[in-house]
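Right, one structure below, let's go through it.
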DNA sequence: TTATAACATTATAATAATTCTAAGCAAAGA
DNA sequence: TCTTTGCTTAGAATTATTATAATGTTATAA
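Protein chains in written order, with our numbering: chain L, 0 to 144; chain D, 0 to 144.
This is how it looks when you write it as structure tokens:
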């Protein structure tokens, strides 16, 4: 979904988008690197002379509740955020730590409303491994997780 | 894999299993509730008069590195652990907070070594939603995440 | 059997991520 | 304008996890 469409979808609901929340959504739109709340905070601090960490967290919850962004819990202990809400898998390279988008065809859950009586609201398909870059860089100095 | 088989697999490798590590593995074997490190600690404290939190964390890393247990990062901010390492999906009910096992047939990644050049080491297929119990209990007092 | 090395465990401190709290601000409605 | 409601802020508090340093345990070899 385009940035404008997301902003509009809130307007249609009559939900006002504050400057700070707009800035967080825009940051995610411009940076498809699956940043953490902390990374967003550090970057916005420079543009916004005054913005607090709590506001970032609040904005992320707000945007997530309106299904404009999604949360990625692939990494232990911290959350990453993704502008892209269309279904796709995430891959965490345990060597370089980067999170990549991976498109996997034929997922039997895609589009389903329930499974075994469980109501599906969100899919979080994660894969852990080594990315192609790290695989080619060297096959030896592997850091066990 | 049976409990005895897991204990044996370490012996075969020549890796000794200390009392504390044995206790953590046994706890996970007896409690298929996907506990957190803290829950394991609280329970083992009562049986073991002396055991420290750090030992629990160390034991969990140890067992995970030997592929005897797996880590679940479905919930933001904290890790859960699972005795069962055979591939299956996990479902987090956002109303009651419980994590359930769900078997999904036909996953295109199951058994695969790579995807798009990415080396697959571990699959973490998570689903968020409402469990059947919470669905039947009431359809109204839903707590937004 | 002792000495030694290697590793495990402990308590505690430190760090990191997130949430809570209380006060101030700002927009919207009466 | 006054009031209400919700947002933002700074900072404190909480929670989960990891690091550190001292101590304990075990296995092996002199």
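Note that CB positions come from ideal geometry on N, CA and C, so glycine has one too.
Assigned secondary structure, residue i (DSSP; H/G/I helix, E/B strand, else coil)
i	result
residue 24(L)	helix
residue 131(L)	helix
residue 44(D)	helix
residue 55(D)	helix
residue 93(L)	coil
residue 63(L)	helix
residue 72(D)	coil
residue 39(L)	helix
residue 16(L)	coil
residue 29(D)	helix
residue 119(L)	strand
Boundaries of the beta strand (DSSP E) in which residue i is found, first to last residue
i	result
residue 11(L)	First-last for residue 11(L): 2-12, but that is the alpha helix (DSSP H), not the beta strand (DSSP E).
residue 101(L)	98-101
residue 81(D)	79-81
Cα-Cα separation, residue i to residue j
i	j	result
residue 86(L)	residue 132(D)	27 Å
residue 72(L)	residue 10(D)	34 Å
residue 95(D)	residue 120(L)	15 Å
residue 15(L)	residue 4(L)	14 Å
residue 122(D)	residue 128(L)	9 Å
residue 66(D)	residue 84(D)	8 Å
residue 44(L)	residue 31(L)	19 Å
residue 46(L)	residue 57(L)	19 Å
residue 53(D)	residue 53(L)	30 Å
residue 116(D)	residue 18(D)	41 Å
residue 104(L)	residue 0(L)	20 Å
residue 136(D)	residue 124(L)	28 Å
residue 139(L)	residue 20(D)	With a pLDDT of 48 at residue 139(L), under the threshold of 50, the modelled position of this residue cannot be trusted; read the value that follows with caution. Their backbone Cα atoms lie some 29 Å apart in a straight line.
residue 8(L)	residue 8(D)	55 Å
Residue j beta carbon less than 8 Å from that of residue i
i	j	result
residue 39(L)	residue 55(L)	yes
residue 28(L)	residue 2(L)	yes
residue 154(L)	residue 82(L)	An answer regarding residue 154(L) cannot be provided, because it is not within the stretch 0 to 144 covered by chain L.
residue 114(D)	residue 101(L)	yes
residue 79(L)	residue 34(L)	yes
residue 118(D)	residue 134(L)	yes
residue 59(D)	residue 36(D)	yes
residue 51(D)	residue 26(D)	no
residue 63(D)	residue 74(D)	no
residue 13(L)	residue 76(D)	no
Cβ separation of residue i and residue j, assumed to be a contact under 8 Å, to the nearest whole Å
i	j	result
residue 126(L)	residue 24(D)	Residue 126(L) to residue 24(D), Cβ: 26 Å. No contact.
residue 130(D)	residue 92(D)	4 Å
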